[in-house]
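Heads up: the structure comes next, in structure tokens.
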Amino acid sequence: MIMKIPNLLAPRYLHSLLIKAKIEEQNGRFLTHYAAGTLSGLIRGQALDNENETRDSLIAALRIQDAADDCRVYHGMVRYPDFHRQLITFHRLMQDYGLKLTELPVKTEGQRELKALLTRISDLPFSHQQEIRFLDQVKSSDLSGIECIPGWVEDLHQQRLLEALQQRGLRICPLKKGQPGTAFYKALNSRQEAEGVAQFLLREQWKPEDVMIILCDSQRDGSLVRSVLNRYQLPAAQVSYSKPSKILRCFSALVTLTRAPSVEAVLTTLQLKAYPTPISEAYVQYLTQFVFDINDLRAPVFTHVQQALETNTLLNTIEKENLLRMEAQAQNIHEQLLPWLLPLLEEAPLSEKLNRCYELLRQQPCLNDELERRALLNLKATLEDCWDLLGQPEAVDMLMALLDQKQLEVSEEVDGRIALTDLKHPLPCRPLAILFGADQNSFPGNIACTGIFDEDYLKNTSMPSQAERYDHYTRQLEWIYTSASRCLIFSYAAGNYEGKSWDVAFEIEQRAARPAVLWPLIQNEVYTDPHHQLSPETARRLFAPDNVLRGSISSFETYFQCPYAYFLKSGLRLSKGSLTSVDAAITGTIQHALLEQSIQTWGKDYARISEDEAAAILDPYFRQLNDLFPDQQAEIDQIQRRMQLNLKQLLESLAGMEENTSFKPAHQEFRFEEDLIESNGILVRLKGIIDRIDICFNDLRILDYKSSAKTLSETKVKAGLQLQLLTYLIIAVRKLNLNPVGAYYCSLKNETIPVSEASLNGRRMEIEEIDRDEWMSELQSSHQLKGWTMKECEGLDYDGTHVQGLTCKDGQVKVRSLKDFDNVEALILELYQHLVEQLCSGRIELDPVEGACLFCDFKPICRLRKAPKKPVPWVGINEGKESSDGNSME
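Below, the structure is given as structure tokens:
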């Protein structure tokens with residue numbers, strides 16, 4: 001067969017540019033009888049039907065792995081794909097440079113093993129025979145009518161091949177060159193370097209088609225430069241870059257799934273969107289949380305959540321609805337996915353499994369991309385050529401490893417746009433060229449051979465020396481210095497984002513022959529925070545549609561913490577989604593339940609229950625958690641053990657408190673719905689649960705259980721940040737018509753108390769041991785009820801050690817700072833009135849107080865750029881003065 005050679009031989013990425021230049025040269029609009037091709041394409045065209053490089057690589061990998069028993073030095077490496085790759089690469093270099101097996105070094109045992117392994121694959125041709133047939137074809141051909149623009153010549157073998165063709169008349173034509181002036185710039189890091197380039201192009205008004213940016217490290221800087229240019233709306237295109245093939249990644253994931261079915265393998269295929277059915281986030285989340293066995297995926301209906309929630313008393317209604325909604329959404333997707341998924345999970349011969357994976361890929365939407373279609377066709381050819389080898393499981397493993405190395409080669413049209421290229425993709429010169437990222441790490445690049453065939457190994461062969469290869473490499477780089485007709489800019493970053501310094505490449509420093517100057521940057525550091533405001537009409541319709549402002553007290557506290565967070569949560573009803581694990585709210589609910597049930601059973605003696613009795617109350621709740629989250633059983637068991645230990649210590653302190661008070665628990669989990677106040681025609685209706693109400697004759701006190709230590713701060717109360725406890729007291733007084741004594745936080749957490757074993761008396765220079773009674777007193781004070789006391793009451797605390805703010809002198813317990821309930825009530829009602837006024841005026845500004853952002857679910861939405869403010873009192877600013885224990889409003 002006579003080989004047809006095109007008029008122009010050049011790398012594919014240059015074809016469009018060169019043909020357009022040819023048309024302009026002839027002052028025409030089109031060319032006839034003119035074709036462009038590549039030298040590598042001509043060589044591949046000589047391949048026979050039974051020749052396939054991937055097949056040869058697969059055979060080589062199988063042969064290398066079979067030699068494991070014959071190796072001692074490399075016994076543990078023969079099964080690794082990277083080891084196979086290095087041997088195959090060196091074998092092909094031997095073919096290119098005519099290196100014989102007899103010339104390989106054999107001084108060490110490792111060298112002898114490498115020679116034996118290379119002998120096993122020495123008969124595999126790869127593309128060498130194609131090259132020989134190509135040279136035979138052109139021996140009798142006259143190539144004088146053929147132009148060749150080689151672009152980048154990878155190595156000395158390619159250089160010799162071009163020289164052989166040149167002897168047969170091939171005309172080697174260089175790319176268009178220039179003789180530019182130079183400039184030298186630097187930046188603090190790569191981001192500022194890219195910003196400097198973009199601003200320079202705009203400031204100097206360079207046309208995009210006149211600019212070329214040469215990336216010294218396209219993998220590191222390519223996406224960065226493209227994104228920065230795009231942000232500045234500068235059109236740019238990269239002449240050549242590689243990216244993973246979605247088709248090949250999906251094929252690898254599907255093969256892994258069908259060979260070893262597991263939930264993890266299914267999740268991998270879902271993340272790659274390997275199925276023609278759209279996959280929702282709810283489905284992936286459901287599989288991650290609630291599907292732990294592959295047989296559960298074969299079932300047509302998901303029922304885990306529904307069954308687990310039938311007896312669940314821990315989760316609230318909203319949490320249950322979210323989980324059931326997620327299960328329903330997952331079920332809808334599952335029904336669509338099953339026809340595609342079940343065939344992959346069925347037992348079948350390996351060849352049938354591979355065929356099913358391939359057939360599924362043919363339904364991929366990404367096949368609209370020409371490169372992905374080409375990748376699928378290449379995969380089909382590879383499977384057909386290697387089909388007889390794939391009966392062995394290890395052969396499939398090796399084929400998957402070979403496919404994982406393949407990438408899509410992308411080439412974008414650069415006409416009319418800034419041309420982004422790299423060191424190995426030369427372009428015709430443009431008026432302006434910028435060598436980007438020219439630091440010592442990236443330029444000129446390292447050509448030293450590493451791995452098992454390193455420079456020390458190559459010294460013992462007849463392969464080209466490192467000096468010869470480096471000389472060839474630097475000659476190829478010469479195109480950079482003629483890549484501009486007017487100005488060539490050398491640019492580098494002085495360091496990375498971690499602060500590690502980078503030096504400019506020595507070759508660039510010598511070429512520039514001047515110190516680098518910083519890229520001039522315009523940096524706008526002034527941020528304007530968005531102003532969030534609703535019209536009064538919209539605010540009323542959103543927050544109080546029927547002139548009733550409903551909510552829990554904690555939700556109204558959210559408004560005072562951050563009005564914008566309240567708008568998102570209570571106005572727009574946004575939520576963080578379904579429960580994914582055991583959180584602090586659930587553990588708090590369990591502790592509340594233990595205290596509630598123990599008080600119901602033992603009354604005031606609840607704190608003296610045994611460990612077994614406490615465990616009997618806790619066990620059913622933790623069984624509910626294990627039923628819902630079976631994959632988190634170890635974590636749940638640990639939470640239970642820690643909770644039982646914590647509650648044992650807590651109940652000991654509560655027992656002492658109950659012995660020293662006349663108050664008895666009267667109401668627990670006291671549910672209420674109360675119309676608190678009316679303001680501006682809006683009724684404030686509160687709904688909630690009071691943890692505990694204690695009564696002594698006509699007096700009452702409120703206990704609010706907290707998972708950590710908390711105190712009442714007058715500043716925070718006046719700022720609306722601590723409404724809950726005092727509002728509970730007001731509502732309890734209204735509902736029960738009793739006298740208020742106080743409202744207190746009861747911490748359920750055993751705080752860590754730092755204690756020194758001894759102290760140094762500097763005056764007497766003596767070491768004094770700490771009295772045990774001192775730190776026991778400090779431990780007891782950490783378990784005090786903390787809050788505000790409204791009335792002197794003898795039965796509140798007999799010895800004044802269990803309630804904060806009490807003193808005991810001469811057997812008399814006194815309140816250090818007594819609050820006036822009427823003043824407190826007026827203050828709280830004024831805060832709710834202020835809340836109504838703010839909401840009715842539509843004020844929802846992004847203005848959080850300190851600590852509001854710590855556990856906020858809306859951080860990705862608000863994008864706060866300023867520091868949160870300190871709490872500011874809204875009402876009662878001139879009343880009282882806060883003391884250290886928080887008891888000051890008298």
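Okay, so the sequence shown: first residue is 1 according to full-length UniProt numbering, each after it adds one.
All C-beta atoms in this analysis are idealised placements derived from N, C-alpha and C, irrespective of residue type, glycine included.
Query                                                                                                              : Result
Start and end residues, alpha helix (DSSP H) containing Met398                                                     : 393–404
Short Cβ contact (8 Å threshold) for Asn739 with Lys819                                                            : no
Own chain partners of Gln633 with C-beta closer than 8 Å, once the 5 adjacent residues on each side are dropped    : Asn626
Identified DSSP bridge partners for Leu9                                                                           : Gly37, Cys148
Three-state secondary structure (DSSP) of Ile695                                                                   : strand
Delimiting residues of the beta strand (DSSP E) encompassing Met212                                                : 211–215
Cβ pair count under 8 Å reaching 3, the region 580–591 against the region 712–722                                  : no
Local conformation of His157 per DSSP, three classes                                                               : helix
Sequence ranges, beta strand (DSSP E) only - wholly within the region 276–337, length at least 3                   : none
Enclosing alpha helix (DSSP H) for Ala21 [first to last residue]                                                   : 15–25
Sub-8 Å separation of Phe126 and Glu53 beta-carbons                                                                : yes
Burial state of Trp602 (16 or more Cβ within 10 Å)                                                                 : exposed
Beta-carbon separation (whole angstroms), Gln591 vs Leu647, contact threshold 8 Å                                  : 7 Å
For Asp675, the residue or residues it bridges with in DSSP                                                        : Arg685
Spatial distance of Leu831 from Val305 (CA atoms)                                                                  : 42 Å
Proximity of Val410 and Leu371 at Cβ, strictly below 8 Å                                                           : yes
Reduced DSSP category for Thr807 - H, G, I as helix; E, B as strand; rest coil                                     : strand
Beta-carbon spacing of Val733, Thr789 below 8 Å                                                                    : no
Beta-bridge pairing of Ala516 - partner residues as DSSP gives them                                                : Bridge partners of Ala516: none, in fact.
At least 3 beta-carbon pairs within less than 8 Å: the region 833–846 vs the region 531–549                        : yes
Cβ separation of Asp217 and Ser501, assumed to be a contact under 8 Å, to the nearest whole Å                      : About 17 Å separates the two Cβ atoms, so there is no contact after all.
Cβ-Cβ distance between Leu224 and Ser190 below 8 Å                                                                 : yes
Unbroken beta strand (DSSP E) run spanning Glu409, endpoints                                                       : 407–410
Any 3 or more C-beta pairs closer than 8 Å across the region 139–151 and the region 164–182                        : yes
Run of the beta strand (DSSP E) containing Pro244, from where it starts to where it stops                          : 241–244
Close-in-space but distant-in-sequence residues of the same chain around Ile247 (CB under 8 Å, 5 per side omitted) : Leu361, Gln364, Cys366, Leu367, Glu372, Ala375, Leu376, Leu379
Pairwise C-alpha distance: Lys569 and Asp439                                                                       : 50 Å
Whether Ser653 touches Lys706 by CB criterion (8 Å)                                                                : no
Simplified DSSP assignment, three categories, for His783                                                           : coil
Through-space distance from Asp296 to Gly577, alpha-carbon basis                                                   : 24 Å
Any 3 or more C-beta pairs closer than 8 Å across the region 460–473 and the region 238–253                        : no
Distance between Asp694 and residue 905 (C-alpha atoms, nearest Å)                                                 : Residue 905 is absent from the model: the chain starts at 1 and stops at 890.
Short Cβ contact (8 Å threshold) for Asp797 with Thr661                                                            : yes
Ser491 - containing beta strand (DSSP E), residue span                                                             : 484–493
Anticipated Cβ contact below 8 Å, Leu423 with Gly445, distance rounded                                             : 7 Å
Limits of the alpha helix (DSSP H) - the one that Arg550 falls within                                              : Run containing Arg550: none in the alpha helix (DSSP H); it sits in the beta strand (DSSP E), 548–551.
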